[in-house]
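In the numbering used here, the protein residues as written are 275 to 922. Below is one structure, written out as structure tokens; the observations come after it.
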Amino acid sequence: MTGPSVIKSADDLSAIAANPEHLRGALAQADPATLMLVLVTLTGDHGWLDRARPFIAGPSSYQETMPDTMRAEIRAALFDVLMDFAQNPRPLPAIPDGPLLVDLLSTAAGTAVGADYVAMMQEDLRPAAIDPRGMVWRVPPDPIVLAAFHVVVIGAGVSGMCAAIRLQQAGIPFTIIEKNATVSGTWFENSYPGCGVDTPNHFYSYSFEPNHNWSHFFAKRDELWQYFEGVADKHDLRRRSHFGTEVTSCVFDEASQRWAVSARRADGSVIELTANAIMSAVGILNRPKLPDIPGRETFAGPAVHTGHWDPAFDWRGKRVAMVGTGASGHQVGPAIAPDVDRLMVFQRSPHWVVPNPNYFGTVADGKKWVLANVPHYARWYRFQLFWAFADGLHPALQVDPEWNDPEHSINEQNHRHRIFMERHMRRELGPDSPLLEKVIPDYPPYGKRILIDNDWFKMLNLPNIDLITDKIARIAPEGIVTVDGTTWPADAIIYATGFQASKMLAPMRITGTGGIEIHDVWKADDATAYLGTTVPGFPNFFMLMGPNTGLAHGGNVIFMSECQVRYVMMALRELIEGGHHSLDVKPAVHDAYVAEVDRLHAGMVWSHKGVDNWYRNLNGRVFAVLPYRLVDYWQMTSKFTPDEYSFA
């Protein structure tokens, strides 16, 4: 339940007033463009925007080219303003509305921000004390009715934790069932060398739980895991959780309009629960997929999958074969390359890779202090990251039927991106490198998941690295044999081969009305759901990060989870306040939504005939990723329409 609007008072500026020179030093380590946005917010002086705008090409720090004299002026002016507020207590101005907000947003983004984005961005810019994605009861619920309502949350990863926190805030009883030993899902399960996030962590965090102490702009696994562990402790989620317990089946009882949930503990014992509603937050990237290669079981040495890493595995001094060059492979390879005797990288197809100057950057102590203490800085900084990783790529994904080179790119913007990434590869490897033929994809950019360069090309240039593009024929006890008959001797194999993404909700059995099992509805792994959340015939069963909610153009899973959880909470509010037992999405609503998703995907890069990716199922249908812009999905999930559902 969200609280009233709170404006930070001058009393909160004690850290600023206590040590002026510390403030001055901290401002010197913070981003000038973000400081300028704070300065305009606090003073209303539009002139700073006019002066800085020509030097801001985009929201990333490396896209700001203001003269040093202007940066110094901004820091000095903001220092004076902050000291004045600290020494002369009065309410701090809030982030403005109207034309000034639009101008602030557009200047920060380096481009015009459309009206459809303003409301979404304004929501995210609100102070941490205001939680716009929390659910507010329209009518105070009857405590007896509320106490009798029970939700089972399946999974305690990023989405499941968000769901549990929102349920707790609303006073709705819940139980979490998690197959792992603790919370955080992906960031607990994945512990391979180099594992980390490819979204800036000041954005890759809950909007209601900012962290100002990230050590890097792109954090590694341990720090991310600690963040989510801390959130779980703060909200006391473990008290309502069953860890080391895996849901095996959920059966809807039409007589009682409730779900019977069965789960198995690690010791084999079974627990049974009854739920009014289920929020499934199991994700799709958590069941490792091993390649179907003949002889795989005959290999004599150790073999590990990146998604099921053995902490005892030692690669140092060994001849290591790595199968797969996707996201996890791009992280593992450079992390172990300096310590192996030889790394043989087996690549089925190359990926498009983009550089990011901040990828390895550490966050200065002064910037951490500014994030925590300077009013509005953290929110403006988060907006800039949001915009940098939001919908800017979306136009580059649309197929232009008149484009003159459809095999290599799909429209003008897509082609420009291809040239940019090719130029980066040539610069990293050398203009005449024989590796270029192997690493430059022959399909349009973004046809597969885009990767951030993790020194991948620098690694390929090392003398102990082999990039092998010949198809694997079989695996032998002594190593890997390619179709040309070459045997590549190996002491160990790393499988960076992804997950069983198309087997959504497996191995659980979900049985809805009429005894229908959801995987019988989703024939041939063809998962569909309205808003990626509800399926006809499965009342009060809500999926988080379900079909067609994955992101392949921007954003992050936390943003999507917060949008979906808000939508589900509004659905539960409709049930409880309306005195209903269940709700079920109407088939016509579901079918129309899926038809529109398929229509949009048909004109996007993921359906390109030259692209093979895990976003498509065996039928060739794109089931995994979102065809919409983030702002579109935010709008779709910002309201609940009862007419789209049948109630009982």
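Cβ atoms here follow ideal geometry from the backbone N, Cα and C, with glycine treated the same way.
- For secondary structure counted as the beta strand (DSSP E) over 3 or more consecutive residues, the region 550-576 holds these complete runs in sequence order: 551-554.
- Annotation note: the region 415-491 contains the following uninterrupted alpha helix (DSSP H) runs of length 4 or greater, listed N- to C-terminal: 417-422, 432-444, 460-463.
- At the C-beta level, H650 and T315 come within 8 Å of one another.
- Judged by their CB atoms, D390 and V831 are not nearer to each other than the 8 Å cut-off.
- In the DSSP assignment, A302 falls within the alpha helix (DSSP H) that extends over 294-302.
- The C-alpha of V713 lies about 12 Å from the C-alpha of N735.
- Of the residues G635, F833, T823, V597, the one whose Cα lies closest to the Cα of F620 is V597.
- Looking at the DSSP output, Q672 shares a beta bridge with M878.
- Shown here for V637: same chain residues with a beta carbon closer than 7 Å to its own, the five before and five after excluded, namely W488, S489, H490, F491 in chain order.
- Sixteen is the threshold: since fewer than 16 other Cβ atoms of the shown chains lie within 10 Å of the Cβ of N293, the residue is exposed.
- As a beta-bridge residue in DSSP terms, D527 pairs with R532.
- The beta carbons of I684 and P715 sit no closer together than 8 Å.
- About 20 Å separates the Cβ atoms of T519 and R532, ruling out a contact at the 8 Å cut-off.
- In this structure, DSSP gives E681 a state outside helix and strand, which the three-state scheme calls coil.
- Going by DSSP, P763 is part of the beta strand (DSSP E) stretching over 761-763.
- Here A646 has H486 as same chain residues with Cβ atoms under 7 Å from its own Cβ, once five neighbours each way along the sequence are excluded.
- Minimum Cα-Cα distance from L825 among the listed residues A869, F897, T802 corresponds to F897.
- Taking a 10 Å sphere around the C-beta of W661, we find 16 or more other C-beta atoms and assign the residue as buried.
- In this structure, the straight-line span from the alpha carbon of A393 to that of M910 is close to 13 Å.
- The three-state reading of DSSP puts H582 in strand, counting E and B together.
- DSSP, reduced to helix, strand and coil, places V355 within a helical segment of the structure shown.
- Around the CB of P568, fewer than 16 other CB atoms lie within 10 Å, so the residue is classed as exposed.
- Per DSSP, reduced to three states, the secondary structure at V809 is coil, with no helix or strand assignment.
- When DSSP states are grouped into helix, strand and coil, S380 belongs to the helix group.
- Assigned with DSSP and collapsed to three states, M618 falls in strand.
- Note on P612: under 16 other CB atoms within 10 angstroms of its CB, so exposed under the neighbour-count rule.
- Excluding the 5 residues flanking it on each side, E791 has same chain C-beta neighbours closer than 7 Å at R783, I784, T785, in chain order.
- For Y655, the uninterrupted alpha helix (DSSP H) segment begins and ends at 651-662.
- Taking C-beta atoms as the reference points, S602 and T580 count as a pair closer than 8 Å.
- Within the model, the alpha-carbon separation for M409 versus E836 is close to 11 Å.
- Take L399, set aside five residues on each side of it, and the residues of its chain with a beta-carbon closer than 7 Å to its own are I369, R653, F657, in chain order.
- Look at S920 here: in three-state DSSP terms it is strand.
- Contact between R616 and R593 is confirmed by a C-beta separation of about 5 Å, below the 8 Å threshold.
- Nearest to E528 by alpha-carbon distance, out of N550, R514, S515, is N550.
- Two segments are said to touch when three or more pairs of C-beta atoms, one from each, lie closer than 8 Å; by this definition the region 323-330 does not touch the region 675-684.
- Here A307 is near E338, since their CB atoms are less than 8 Å apart.
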